[in-house]
Amino acid sequence: MNDSDLNLAYFKILIEQRLADLEPLLEGAESRSQSVELDQSKVGRLSRMDALQQQAMNDAIRSRALRERTRLQLALKSWKEGEYGWCSQCGEMIAPDRLEFDPAASLCITCATGNESH
């Protein structure tokens with residue numbers, strides 16, 4: 000693969016931008032995941048249920064953001080090691096359009112979908 004096939008500098012910037020975009024999301028989810036007050040004399044049952052649901056949604060957002068940050072960090076590591084853009088399963092080049100959509104993709108579309116033909 001050469002720079003005309005895949006603009007590696009562009010993808011590095013894209014990965015770093017996506018990592019930066021995740022930070023406020025992680026900080027916000029962290030600040031909103033406070034313990035829910037169990038004292039029903041202070042908070043009504045429905046309010047408490049709503050707070051529990053909100054807490055669960057914040058936990059899910061935070062978990063998803065943490066997984067995405069890990070994927071992006073691995074992609075950046077791969078970029079630094081000169082292995083970015085190659086399928087980790089079959090060794091073929093990952094399509095630039097796929098990396099544009101998901102710069103942390105480590106599998107070509109064929110391997111990701113389980114198709115055997117290349």
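For the sequence shown, numbering that gives the first Met the number 0 gives the first residue as 0, with consecutive numbering after it.
Don't be surprised by glycine CBs; every beta carbon is placed ideally from N, CA and C.
Every value quoted in this text rests on a predicted model; they were computed, and no experiment measured them.
_In whole angstroms, give me the CA-to-CA distance for residue 13 and residue 85._
17 Å
- Task: Would you kindly report the start and end of the unbroken alpha helix (DSSP H) that includes residue 98?
- Result: 95-100
With which residues is residue 48 paired in a DSSP beta bridge?
-> Answer by DSSP bridge pairing: none, since residue 48 is not bridged.
Next item on the list: Kindly say whether residue 53, judged by its beta-carbon, lies nearer than 8 Å to any beta-carbon of chain D.
Entry: Given the protein chain composition of this structure (a single chain), no chain D is represented.
Original post:
Residues bridged to residue 92 by DSSP?
Top reply: 85
Any idea what DSSP makes of residue 113, helix, strand or coil? coil
To the nearest whole angstrom, what separates the beta carbons of residue 50 and residue 21, a pair I think is in contact under 8 Å?
-> Between residue 21 and residue 50 the Cβ distance is about 25 Å, and since that is not below 8 Å, they are no contact.
Exercise. Can you grab the Cα-Cα spacing for the pair residue 89 / residue 77, in whole Å?
Key: 16 Å
Put residue 80 into one of helix, strand or coil per three-state DSSP. coil
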